[in-house]
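**Q** Can you read through this structure? Questions will come right after.
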Amino acid sequence: MILEGILTTCAADGRLHLAAMGPEVEEEEVLRGRLERLVLKPFADSVTARNLTRQPEGVFHLTDDVLLVAQAVTGTLVPPDCRRADEVQGWVLADACQAFEFRVVDGGTPGDRLRLTAEVVRVHQGRPFMGFNRGRQAVLEGAILVTRLHLLGPERVAAELASLLVLVEKTGGRREQAAFALLQQQVARHRERDQARGAASSAPG
Ligand SMILES: Cc1cc2nc3c(=O)[nH]c(=O)nc-3n(C[C@H](O)[C@H](O)[C@H](O)COP(=O)(O)O)c2cc1C
């Protein structure tokens, strides 16, 4: 199964890089409450893939903070509170429910999407996971759509966000509302860019 979360890796200059990521995990390990392996599948052209190729270790976090996810996918991240990892070169976010320091043990075969098998080498327990919230789930789905804007186009993403908005308004809190607003702004920016490009290419030369 896939668990959605936040991955931190070390940039070339040693600074934290943060990306939303959904590694494959063994369902049995989830049921036992003890993750031992993660299969990370970053796109080969992502910063995360570059960082993991240079330094094959990092920290995967489970969190219910969808504002962080929305900030990560819209490039509006405010540097989060974090500390150095214990066993690997990397960063542990202060406000996560669980954090898993990992080392890549198998780099797989190169392709558009890497397939990196990683071993968990240290687990940190953070604050408790406070339960399901449909608004949060809607932000998560919206965030995935926003990362696919270049494939789906702004019209389709805007339409799908409109149906998710109902859940955020009905059931979300302030962080969910703020997160969703970031996603909507990103779609609007993408649309404006497309329109500006269209106008430039149709202008008489
Ligand atoms: C919930 C969620 C899960 C994601 N899972 C992945 C994934 O498994 N692999 C991937 O390449 N991108 C994934 N993405 C998209 C990345 O976060 C996004 O493409 C990002 O731009 C790549 O980050 P980077 O270039 O900063 O490393 C996911 C996004 C969200 C919101």
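Using my numbering, the first residue of the sequence shown is number 861, and each one after it goes up by one. All C-beta atoms, glycine included, are put in the ideal place defined by N, C-alpha and C. Predicted model, so just to flag it, every value in this text is computed and none were measured.
#1: Which same chain residues end up closer than 8 Å to residue 912 when comparing Cβ atoms and leaving out the 5 residues on each side of it in sequence?
#2: Could you give the DSSP three-state label for residue 1029: helix, strand or coil?
#3: In its own chain, which residues sit with a C-beta less than 6 Å from the C-beta of residue 931, not counting the 5 before and 5 after it?
#4: Which residues end up in the neighbourhood of ligand 1 when you take C-beta atoms closer than 6 Å to any of its heavy atoms?
#5: Would residue 1011 be called buried (16 or more neighbouring beta carbons within 10 Å of its own) or exposed?
#6: Could you check the C-alpha separation between residue 887 and residue 951 for me, to the nearest Å?
#7: Just reading off the beta strand (DSSP E) that residue 953 is part of, what are its end residues?
#8: Using three-state DSSP, classify residue 966 as helix, strand or coil.
#9: For residue 857, tell me which candidate among 1008, 915, 994 and 1045 has the shortest Cα-Cα distance.
#10: Should residue 1046 go down as buried or exposed, given a rule of 16 or more other Cβ atoms within 10 Å for buried?
#11: Within its chain, find whatever has a CB closer than 7 Å to the CB of residue 1050; leave out the 5 residues flanking it on each side and keep chain order.
**A** By the coordinates alone:
#1: Taken in chain order, the residues that qualify are 869, 900, 902, 918, 964, 974 and 976.
#2: Three-state result, residue 1029: helix.
#3: These residues qualify, in order along the chain: 937.
#4: Taken from the N-terminal end onward, the list reads 864, 879, 880, 881, 882, 901, 902, 903, 906, 907, 908, 929, 933, 1000, 1003, 1004 and 1007.
#5: That one is exposed.
#6: About 26 Å.
#7: Counting along the chain, the beta strand (DSSP E) containing residue 953 begins and ends at 951-953.
#8: Three-state DSSP puts residue 966 in a strand.
#9: Residue coverage of the chain in this structure runs from 861 to 1065, which leaves residue 857 outside it and unanswerable.
#10: So residue 1046 ends up on the buried side.
#11: Only 1009 and 1014 meet the Cβ criterion.
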